[in-house]
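What follows is a single structure, written as structure tokens, with notes after it.
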Amino acid sequence: MSDLSPLGTHLSHYKIIKLLNQGGMGQIYLAEDQRLHRTVAIKTLKPVFTKAHSAPNDNASTNDCDANLIENALLEAQLLAKLSHANIVQIYDITQENEQICLVMEYLAGKTLHHYQQEHVSSLSQKLAIISQISKGLTAAHAQGIVHCDLKPSNIIIDDNGGVKIVDFGIAKLTSGNAETANNSQSFGSQTAMSPEQLYQALPSINANATLIDGQTNNAIDFRSDLFSLGIIAFQLISGRHPFAGETATQTAQNILNAQCQQAQDIVPQLPRELINLLNKLLAHQPEGRPQSSQWVTQQFEQ
Numbered sequence: 006m007s008d009l010s011p012l013g014t015h016l017s018h019y020k021i022i023k024l025l026n027q028g029g030m031g032q033i034y035l036a037e038d039q040r041l042h043r044t045v046a047i048k049t050l051k052p053v054f055t056k057a058h059s060a061p062n063d064n065a066s067t068n069d070c071d072a073n074l075i076e077n078a079l080l081e082a083q084l085l086a087k088l089s090h091a092n093i094v095q096i097y098d099i100t101q102e103n104e105q106i107c108l109v110m111e112y113l114a115g116k117t118l119h120h121y122q123q124e125h126v127s128s129l130s131q132k133l134a135i136i137s138q139i140s141k142g143l144t145a146a147h148a149q150g151i152v153h154c155d156l157k158p159s160n161i162i163i164d165d166n167g168g169v170k171i172v173d174f175g176i177a178k179l180t181s182g183n184a185e186t187a188n189n190s191q192s193f194g195s196q197t198a199m200s201p202e203q204l205y206q207a208l209p210s211i212n213a214n215a216t217l218i219d220g221q222t223n224n225a226i227d228f229r230s231d232l233f234s235l236g237i238i239a240f241q242l243i244s245g246r247h248p249f250a251g252e253t254a255t256q257t258a259q260n261i262l263n264a265q266c267q268q269a270q271d272i273v274p275q276l277p278r279e280l281i282n283l284l285n286k287l288l289a290h291q292p293e294g295r296p297q298s299s300q301w302v303t304q305q306f307e308q
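So for the sequence shown, my numbering puts the first residue at 6; every next one is plus one.
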């Protein structure tokens, strides 16, 4: 089976109910686990994704790409399976049928942080509680040597009870074990959510025009890259604006590279000084200037 349609198709003991979302890499379906009688989400990866990037009439190249896709899917499953935390989506199973890779995950009924912000007016304490939950999830992942690398509002789900979950570790970078052999593209996220060190690797066309801050820039990507992205999320949630906002995504990325950051107190003058200092620290251009522990960040947001 190369596709999970039409609706009602079974994959192993999972009954497909409906399509939830479709992206460039595949689809996410709502399904029923008929063994354990629970609702799950199934994330599929398109077989055609690899073939579209293969050389024409080159079976060896196609097979290599297919093997890489399978390997990356297995890596994602292994990463997620290591994480059991209230603020991280849980993976239950991985299946492979012919060229179709399927990740069976916890089903999350809720809204992305992006949509939540548009529909809710929250107090500062409520906003800090959300940020704290995101930070707790990151702390658990970082303790396992896992970096998300694409932390952004659309990858944060808030349920009806205010619970927060981080989703989509699909490009997560394992910082221990075989991390050195990982393809650099796994470190690339969405450019308006990236840290400067991610942008230097991902967007050479614009970083040629970037101004290096404090001399040498550390291009290593580690947990501090996630903390920078957390700083962007926190700034947006608290102020309603992106700290490096430009007229286009490329200009925003350029502003990140050039450390052209807005000041939160200029947008929300009544913010506590301690919170302003924490936001500035999270958004430090150099990784060395950011907090050196995600657990410490969690503690600060809970104070």
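Ideal Cβ placement from N, Cα and C applies to all residues, glycine included.
Would the stretch 153 to 170 and the stretch 109 to 120 be scored as touching if the rule is three or more Cβ pairs under 8 Å? yes
Can you give the Cα-Cα distance for A258 and A145, rounded to whole angstroms? Counting from one through the sequence shown, the residue named residue 258 turns up at place 253. Counting from one through the sequence shown, the residue named residue 145 turns up at place 140. When rounded, the distance between both Cα atoms is 28 Å.
Pull the bridge partners of C107 from the DSSP assignment, please. Taking the sequence shown and counting its residues from 1, the one referred to as residue 107 is at position 102. DSSP, once it has assigned bridges, lists T49 and T100 as partnering C107.
For K170 and G142, the rounded distance between their alpha carbons: As a first step, residue 142 must be located in the sequence shown, where it is residue number 137. As a first step, residue 170 must be located in the sequence shown, where it is residue number 165. Answer to the nearest angstrom: the Cα atoms are 8 Å apart.
Is it buried or exposed, S130, if we count other Cβ atoms within 10 angstroms and call 16 or more buried? Indexing the sequence shown from 1 puts residue 130 at position 125. Counting Cβ neighbours within 10 Å, S130 comes out exposed, since fewer than 16 surround it.
Along the alpha helix (DSSP H) that carries D271, what are the first and last residues, could you check? Numbered from 1 along the sequence shown, position 266 holds the residue referred to as residue 271. A269 to I272 is the extent of the alpha helix (DSSP H) around D271.
Do the CB positions of S230 and S200 come within less than 8 Å of each other? Position 225 of the sequence shown, counted from the first residue, corresponds to residue 230. Position 195 of the sequence shown, counted from the first residue, corresponds to residue 200. Contact: yes.
CB-CB length for A46 against Y19, believed under 8 Å: For this step, residue 46 is matched to residue 41 along the sequence shown. For this step, residue 19 is matched to residue 14 along the sequence shown. Wrong, their Cβ atoms sit about 10 Å apart, outside the cutoff.
Buried versus exposed, by CB contacts within 10 Å (16 or more), P248: Looking up residue 248 in the sequence shown gives position 243. Label assigned to P248: buried.
For F240 versus R295, is the C-beta spacing smaller than 8 Å? As a position in the sequence shown, residue 240 is number 235, starting the count at 1. As a position in the sequence shown, residue 295 is number 290, starting the count at 1. Cβ atoms of F240 and R295: not closer than 8 Å.
Return the bridge partner residues of G115 from the DSSP annotation. Locating residue 115 in the sequence shown gives position 110, counting from the first residue. Per DSSP, D164.
So, are the CB atoms of I238 and I139 less than 8 Å apart? Along the sequence shown, read from residue 1 onward, the residue named residue 238 stands at position 233. Along the sequence shown, read from residue 1 onward, the residue named residue 139 stands at position 134. Yes, these two residues count as a Cβ contact at 8 Å.
For D38, name the three-state secondary structure that DSSP assigns. In the sequence shown, residue 38 corresponds to position 33, counting from 1. Here D38 sits in strand by DSSP.
Straight-line Cα distance separating L41 from A225: Residue 225 sits at position 220 when you count from the first residue of the sequence shown. Residue 41 sits at position 36 when you count from the first residue of the sequence shown. Distance between the alpha carbons of A225 and L41: 43 Å.
Pairwise C-alpha distance: I22 and S298: Your numbering for residue 298 matches position 293 in the sequence shown. Your numbering for residue 22 matches position 17 in the sequence shown. Their Cα atoms are separated by approximately 42 Å.
Roughly how many angstroms lie between the CA atoms of H15 and L276, to the nearest whole one? Here residue 15 is taken as the residue at index 10 of the sequence shown, counted from 1. Here residue 276 is taken as the residue at index 271 of the sequence shown, counted from 1. Roughly 53 Å between the two C-alpha positions.
Can you grab the Cα-Cα spacing for the pair T44 / L25, in whole Å? Residue numbering aside, residue 44 sits at position 39 when the sequence shown is read from its first letter. Residue numbering aside, residue 25 sits at position 20 when the sequence shown is read from its first letter. Their Cα atoms are separated by approximately 13 Å.
Going by C-alpha distance, which of F174, A254 and E293 is nearest L156? Here the question's residue 156 lines up with position 151 in the sequence shown. Nearest of F174, A254 and E293 to L156, Cα basis: F174.
By a C-beta neighbour count over all protein chains shown, 10 Å radius and 16 as the cutoff for buried, is A82 buried or exposed? To locate residue 82, count along the sequence shown from 1; it is residue 77. Under this definition A82 is a buried residue.
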